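Following our numbering, the numbering of the sequence shown begins with 251 at its first residue and continues without gaps.
First the structure, in the form of C-alpha coordinates, and then the observations on it.
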Amino acid sequence: MAELLSRIEWKNVALLAAALALVAVYAKLFAVVLLIAGVVFVSFIVQQFSLRTVGLELVTFATVVSGIVYGPVVGAALGAVLVLIHLVFSGYFGVYYFWVIPVYAFGGFLASAWSGQGVVSLGINITLVIHAINMAFTFALNRNNMFNYGLYAVTNVVFNFILFVVFGQAVVGILK
251 MAELLSRIEW KNVALLAAAL ALVAVYAKLF AVVLLIAGVV FVSFIVQQFS LRTVGLELVT
311 FATVVSGIVY GPVVGAALGA VLVLIHLVFS GYFGVYYFWV IPVYAFGGFL ASAWSGQGVV
371 SLGINITLVI HAINMAFTFA LNRNNMFNYG LYAVTNVVFN FILFVVFGQA VVGILK
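Take a look at the structure:
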(Lines of atoms letter the chains of each structure in order from A and count residues from 1; the text may use other names and numbers.)
(Lines give C-alpha, C1' and ligand atoms only; values in the text may rest on other atoms or scores of the structure.)
Protein backbone atom coordinates (compact mmCIF):
# COMPACT_ATOMS: atom_id res chain seq x y z
CA MET A 1 0.00 0.00 0.00
CA ALA A 2 2.85 2.35 0.86
CA GLU A 3 4.41 1.73 -2.55
CA LEU A 4 1.14 2.55 -4.30
CA LEU A 5 0.75 5.76 -2.31
CA SER A 6 4.29 6.81 -3.15
CA ARG A 7 3.61 6.40 -6.88
CA ILE A 8 0.58 8.68 -6.88
CA GLU A 9 1.27 12.18 -8.11
CA TRP A 10 -0.63 14.18 -5.55
CA LYS A 11 -0.61 17.37 -7.63
CA ASN A 12 -2.67 15.52 -10.26
CA VAL A 13 -5.08 14.29 -7.59
CA ALA A 14 -5.39 17.86 -6.29
CA LEU A 15 -6.00 19.18 -9.81
CA LEU A 16 -8.64 16.53 -10.39
CA ALA A 17 -10.34 17.36 -7.09
CA ALA A 18 -10.29 21.08 -7.94
CA ALA A 19 -11.72 20.37 -11.39
CA LEU A 20 -14.52 18.25 -9.91
CA ALA A 21 -15.30 20.97 -7.37
CA LEU A 22 -15.51 23.57 -10.13
CA VAL A 23 -17.75 21.29 -12.17
CA ALA A 24 -20.03 20.81 -9.17
CA VAL A 25 -20.17 24.57 -8.48
CA TYR A 26 -20.42 25.60 -12.11
CA ALA A 27 -22.41 22.68 -13.53
CA LYS A 28 -24.59 25.00 -15.58
CA LEU A 29 -21.63 26.80 -17.09
CA PHE A 30 -19.93 23.46 -17.65
CA ALA A 31 -23.00 22.15 -19.48
CA VAL A 32 -23.02 25.22 -21.74
CA VAL A 33 -19.31 24.74 -22.43
CA LEU A 34 -20.03 21.10 -23.32
CA LEU A 35 -22.78 22.20 -25.72
CA ILE A 36 -20.39 24.65 -27.39
CA ALA A 37 -17.68 21.99 -27.57
CA GLY A 38 -20.22 19.60 -29.08
CA VAL A 39 -21.13 22.17 -31.75
CA VAL A 40 -17.46 22.59 -32.65
CA PHE A 41 -16.84 18.82 -32.68
CA VAL A 42 -19.84 18.00 -34.88
CA SER A 43 -18.98 20.88 -37.21
CA PHE A 44 -15.44 19.58 -37.53
CA ILE A 45 -16.75 16.07 -38.36
CA VAL A 46 -19.09 17.52 -41.00
CA GLN A 47 -16.17 19.33 -42.62
CA GLN A 48 -13.71 16.43 -42.40
CA PHE A 49 -16.06 13.88 -43.94
CA SER A 50 -17.79 16.24 -46.43
CA LEU A 51 -21.22 15.75 -44.85
CA ARG A 52 -22.53 19.23 -45.67
CA THR A 53 -25.73 17.97 -47.32
CA VAL A 54 -26.55 15.85 -44.26
CA GLY A 55 -28.25 17.81 -41.49
CA LEU A 56 -25.84 17.05 -38.66
CA GLU A 57 -25.50 19.98 -36.28
CA LEU A 58 -26.01 20.73 -32.59
CA VAL A 59 -26.71 24.44 -33.04
CA THR A 60 -30.49 24.11 -33.09
CA PHE A 61 -30.52 21.95 -29.98
CA ALA A 62 -28.18 24.27 -28.06
CA THR A 63 -30.08 27.35 -29.23
CA VAL A 64 -33.48 26.02 -28.19
CA VAL A 65 -32.23 24.75 -24.83
CA SER A 66 -30.49 28.05 -24.05
CA GLY A 67 -33.60 30.01 -25.06
CA ILE A 68 -35.74 27.92 -22.73
CA VAL A 69 -33.36 28.12 -19.77
CA TYR A 70 -31.68 31.53 -20.08
CA GLY A 71 -34.28 33.62 -21.91
CA PRO A 72 -34.60 35.37 -25.25
CA VAL A 73 -31.41 37.48 -25.21
CA VAL A 74 -29.06 34.62 -24.35
CA GLY A 75 -30.96 32.24 -26.64
CA ALA A 76 -30.70 34.66 -29.55
CA ALA A 77 -27.05 35.54 -28.90
CA LEU A 78 -26.01 31.92 -28.46
CA GLY A 79 -27.95 30.92 -31.59
CA ALA A 80 -26.18 33.55 -33.69
CA VAL A 81 -22.72 32.80 -32.32
CA LEU A 82 -23.09 29.02 -32.49
CA VAL A 83 -24.38 28.98 -36.05
CA LEU A 84 -21.50 31.24 -37.11
CA ILE A 85 -19.07 28.81 -35.43
CA HIS A 86 -20.82 25.88 -37.13
CA LEU A 87 -20.74 27.51 -40.56
CA VAL A 88 -17.04 28.35 -40.30
CA PHE A 89 -15.91 25.01 -38.84
CA SER A 90 -18.08 23.01 -41.27
CA GLY A 91 -16.71 24.84 -44.28
CA TYR A 92 -19.96 26.50 -45.35
CA PHE A 93 -19.27 29.77 -47.11
CA GLY A 94 -21.67 31.82 -49.17
CA VAL A 95 -24.41 34.38 -49.34
CA TYR A 96 -26.62 32.44 -46.91
CA TYR A 97 -24.61 33.78 -43.95
CA PHE A 98 -26.73 36.92 -44.33
CA TRP A 99 -29.96 35.16 -43.43
CA VAL A 100 -28.92 31.99 -41.59
CA ILE A 101 -27.29 33.80 -38.66
CA PRO A 102 -30.30 36.09 -37.94
CA VAL A 103 -32.70 33.15 -38.37
CA TYR A 104 -30.93 31.13 -35.68
CA ALA A 105 -30.94 34.18 -33.40
CA PHE A 106 -34.69 34.39 -34.04
CA GLY A 107 -34.95 30.68 -33.16
CA GLY A 108 -33.31 31.32 -29.78
CA PHE A 109 -35.72 34.18 -29.15
CA LEU A 110 -38.72 32.04 -30.14
CA ALA A 111 -37.59 29.20 -27.88
CA SER A 112 -37.98 31.54 -24.93
CA ALA A 113 -41.27 33.01 -26.14
CA TRP A 114 -42.79 29.58 -26.83
CA SER A 115 -41.26 27.81 -23.82
CA GLY A 116 -44.66 26.74 -22.48
CA GLN A 117 -44.51 23.72 -24.80
CA GLY A 118 -42.72 20.49 -24.03
CA VAL A 119 -39.04 20.40 -24.98
CA VAL A 120 -39.52 17.92 -27.84
CA SER A 121 -42.42 19.73 -29.49
CA LEU A 122 -40.75 23.11 -29.00
CA GLY A 123 -37.48 21.83 -30.47
CA ILE A 124 -39.20 20.41 -33.54
CA ASN A 125 -41.36 23.52 -33.99
CA ILE A 126 -38.29 25.79 -33.85
CA THR A 127 -36.42 23.47 -36.23
CA LEU A 128 -39.31 23.64 -38.70
CA VAL A 129 -39.56 27.45 -38.44
CA ILE A 130 -35.82 27.81 -39.02
CA HIS A 131 -35.96 25.58 -42.09
CA ALA A 132 -39.09 27.23 -43.50
CA ILE A 133 -37.46 30.66 -43.32
CA ASN A 134 -34.14 29.37 -44.66
CA MET A 135 -35.94 27.55 -47.49
CA ALA A 136 -37.74 30.75 -48.50
CA PHE A 137 -34.50 32.73 -48.55
CA THR A 138 -32.68 29.94 -50.39
CA PHE A 139 -35.43 29.85 -53.01
CA ALA A 140 -35.38 33.63 -53.44
CA LEU A 141 -31.62 34.24 -53.37
CA ASN A 142 -29.78 30.97 -54.02
CA ARG A 143 -32.22 28.86 -56.04
CA ASN A 144 -29.54 26.55 -57.47
CA ASN A 145 -28.96 25.22 -53.94
CA MET A 146 -32.59 24.19 -53.28
CA PHE A 147 -32.08 20.44 -53.68
CA ASN A 148 -29.06 20.35 -51.38
CA TYR A 149 -30.80 22.51 -48.80
CA GLY A 150 -33.93 20.37 -48.99
CA LEU A 151 -31.89 17.24 -48.32
CA TYR A 152 -30.12 19.01 -45.46
CA ALA A 153 -33.42 20.22 -43.96
CA VAL A 154 -35.10 16.80 -44.02
CA THR A 155 -32.16 14.99 -42.44
CA ASN A 156 -31.74 17.82 -39.93
CA VAL A 157 -35.35 17.57 -38.75
CA VAL A 158 -34.86 13.83 -38.15
CA PHE A 159 -31.52 14.42 -36.38
CA ASN A 160 -33.00 17.15 -34.15
CA PHE A 161 -36.04 15.03 -33.36
CA ILE A 162 -33.71 12.32 -32.06
CA LEU A 163 -31.67 14.86 -30.06
CA PHE A 164 -34.71 16.44 -28.44
CA VAL A 165 -36.36 13.09 -27.63
CA VAL A 166 -33.22 11.52 -26.16
CA PHE A 167 -31.48 14.50 -24.52
CA GLY A 168 -33.84 17.50 -24.45
CA GLN A 169 -35.52 17.16 -21.08
CA ALA A 170 -32.34 16.01 -19.35
CA VAL A 171 -30.25 18.93 -20.62
CA VAL A 172 -32.95 21.47 -19.73
CA GLY A 173 -33.17 19.86 -16.28
CA ILE A 174 -29.41 20.15 -15.77
CA LEU A 175 -29.32 23.79 -16.85
CA LYS A 176 -32.33 24.99 -14.84
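The C-beta atom is built at its ideal place from N, Cα and C for all residues, glycine as well.
Nothing here was measured: the structure is a model prediction, and the numbers come from that model.
- Residue 308 and residue 288 have their C-alpha atoms spaced approximately 7 Å apart.
- In the DSSP assignment, residue 329 falls within the unbroken alpha helix (DSSP H) covering 322-340.
- Within its own chain, the residues whose Cβ lies closer than 6 Å to the Cβ of residue 426, once the five positions on either side in sequence are excluded, are 319, listed in chain order.
- For residue 346, no alpha helix (DSSP H) run applies, since DSSP gives it neither H nor E.
- Closest in C-alpha terms to residue 372, from the list 398, 419, 386, comes 419.
- Judged by pairs of C-beta atoms under 8 Å, the stretch 325-344 touches the stretch 296-316, as three or more such pairs exist.
- Around the beta carbon of residue 343, fewer than 16 other beta carbons sit within 10 angstroms, so the residue counts as exposed.
- Burial state of residue 386 is exposed, judged by a 10 Å Cβ sphere holding fewer than 16 other Cβ atoms.
- In the DSSP annotation of this structure, the continuous segment of the alpha helix (DSSP H) that includes residue 371 starts and ends at 369-391.
- Counting C-beta atoms within 10 angstroms of its own C-beta, residue 276 has fewer than 16 neighbours from the protein chains shown and is therefore classed as exposed.
- The C-beta distance from residue 316 to residue 306 rounds to 19 Å, too long to fall under 8 Å, and the pair is not in contact.
- Assigned with DSSP and collapsed to three states, residue 362 falls in helix.
- In the DSSP assignment, residue 405 falls within the unbroken alpha helix (DSSP H) covering 396-413.
- A direct Cα-to-Cα measurement between residue 267 and residue 280 gives close to 16 Å.
- Between residue 345 and residue 406, the CB-CB gap reaches or exceeds 9 Å.
- In this structure, the alpha-carbon of residue 399 lies about 8 Å from that of residue 388.
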